[in-house]
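Working notes, beginning with the structure itself.
In my numbering, the protein residues as written are 14 to 272.
Structure (structure tokens):
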């Protein structure tokens, strides 16, 4: 492990929160809720991109309990991972060890990572950018550790998702309620995510949207979780990609550093 980093207040709150939720994240990909289904699909879609890119060396930022690290290392990729929460680092190391795999996993803030410039040809960051006080600082750091022409897979929740727009009570409440305590997550609609990547020097090659649902009134589900998943899956098959980009609950961007 590297020496402890001095964290800003927001990052320290994220660290404490995720240290308290290690057990949840060890099992989240096996859950049955709509949220867990969307997280699983995020991982599966990201791995489709990984397989297309066929990287030799990859870094997973915000590695959580290590599910993506195991997938990367299991493909024979030279794999490293970082997470700001020491509990997640330990969970990742345990998962890798149990799978008979190895990867270099360290505790680190995403904006100052302990890796040489140009070391990786792929950086993944699933469910990371929305937690950062300065997303542009992370993107600069990702560009630094990437080789020229290297790829970045980054995801973000989408604030204009269809399920939110179809819940007028929730829309009004979001406008009237006071700012949340703790740390608010920063959601990027598709045009803002593209702009953030472009202004940080990345060339966006692809943007996907997925996760249609869950259906709520006032934030309360009106359909069972299995029904919401079935309806959302059917809509994803039928809607064109531009509509999914606009209305999906989650966005996945593939971008590159200039060659």
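Glycine included, each C-beta is placed from N, C-alpha and C at the ideal position.
Remember, predicted model here, so these are calculated numbers, not experimental data.
Inset, instruction - Could you tell me the boundaries of the beta strand (DSSP E) in which residue 94 lies? - result: Residues 91-96.
Inset, instruction - Let me know the secondary structure DSSP gives residue 171 once reduced to three states. - result: In this structure, residue 171 counts as coil in the three-state DSSP scheme.
Inset, instruction - Quick one: using the 10 Å Cβ neighbour count with 16 as the cut-off for buried, is residue 178 buried or exposed? - result: Classification of residue 178: exposed, given that the 10 Å Cβ count is below 16.
Legend entry - residue 153 classed as buried or exposed, judged by whether at least 16 other C-beta atoms fall within 10 angstroms: Classification of residue 153: exposed, given that the 10 Å Cβ count is below 16.
Legend entry - Sequence-distant residues of the same chain with beta carbon closer than 6 Å to residue 106, five excluded per side: Contacts found: 118.
Legend entry - Assigned secondary structure, residue 162 (DSSP; H/G/I helix, E/B strand, else coil): Correct three-state label for residue 162: strand.
Inset, instruction - Enumerate in chain order the residues of its own chain whose CB-to-CB distance from residue 235 is below 7 Å, with the five nearest sequence positions on each side excluded. - result: Cβ neighbours of residue 235 beyond the five flanking positions: 228 and 229.
Legend entry - residue 85 versus residue 72 - alpha carbon distance: When rounded, the separation of the alpha-carbon atoms in residue 85 and residue 72 is 9 Å.
Legend entry - Those runs of the alpha helix (DSSP H) which lie wholly inside the stretch 72-133 and span at least 4 residues: You should have 80-87 and 99-111.
Legend entry - Nearest candidate by alpha-carbon position, reference residue 146, set 272, 271, 23 and 270: When C-alpha distances from residue 146 are compared across 272, 271, 23 and 270, the shortest belongs to 23.
Legend entry - residue 273 and residue 142 closer than 9 Å at C-beta: With the chain represented from 14 up to 272, any question about residue 273 goes unanswered, as that position is not in the structure.
Legend entry - Beta-carbon proximity of residue 270 to residue 215, cut-off 9 Å: Yes, these two residues count as a Cβ contact at 9 Å.
Legend entry - Own chain partners of residue 112 with C-beta closer than 6 Å, once the 5 adjacent residues on each side are dropped: Its chain contains 83 as the residues whose beta carbon lies nearer than 6 Å to that of residue 112, once the 5 sequence neighbours on both sides are disregarded; these appear in chain order.
Legend entry - Residues near residue 66 by beta carbon distance below 7 Å, same chain, minus five either side: Excluding sequence positions up to five before and after residue 66, its CB lies within less than 7 Å of the CB of 135 and 164, all in the same chain and listed in chain order.
Legend entry - Cut-off 8 Å between Cβ atoms - residues of its own chain near residue 87, not counting five sequence neighbours on either side: The answer, listed in chain order, is 112 and 114.
Legend entry - Residues that residue 222 bridges to, as DSSP identifies them: Looking at the DSSP output, residue 222 sits in a beta bridge with 264.
Inset, instruction - Decide if residue 104 is buried, meaning its Cβ has at least 16 other Cβ atoms within 10 Å, or exposed. - result: Per the 10 Å Cβ criterion, buried.
Legend entry - Length of the line joining the Cα atoms of residue 25 and residue 120: Each residue's CA atom was taken as its position, placing residue 25 and residue 120 some 13 Å apart.
Inset, instruction - Mind listing, in chain order, the continuous beta strand (DSSP E) runs of no fewer than 3 residues lying wholly within the stretch 199-260? - result: Assignment of beta strand (DSSP E) within the stretch 199-260, counting only whole runs of 3 or more residues, yields 216-223 in chain order.
Inset, instruction - May I have the straight-line CA-CA distance separating residue 201 from residue 139, to the nearest angstrom? - result: Rounded to whole angstroms, the gap between the alpha carbons of residue 201 and residue 139 is 13 Å.
Legend entry - Cα-Cα separation, residue 203 to residue 267: Rounded to whole angstroms, residue 203 to residue 267 spans 12 Å at the Cα level.
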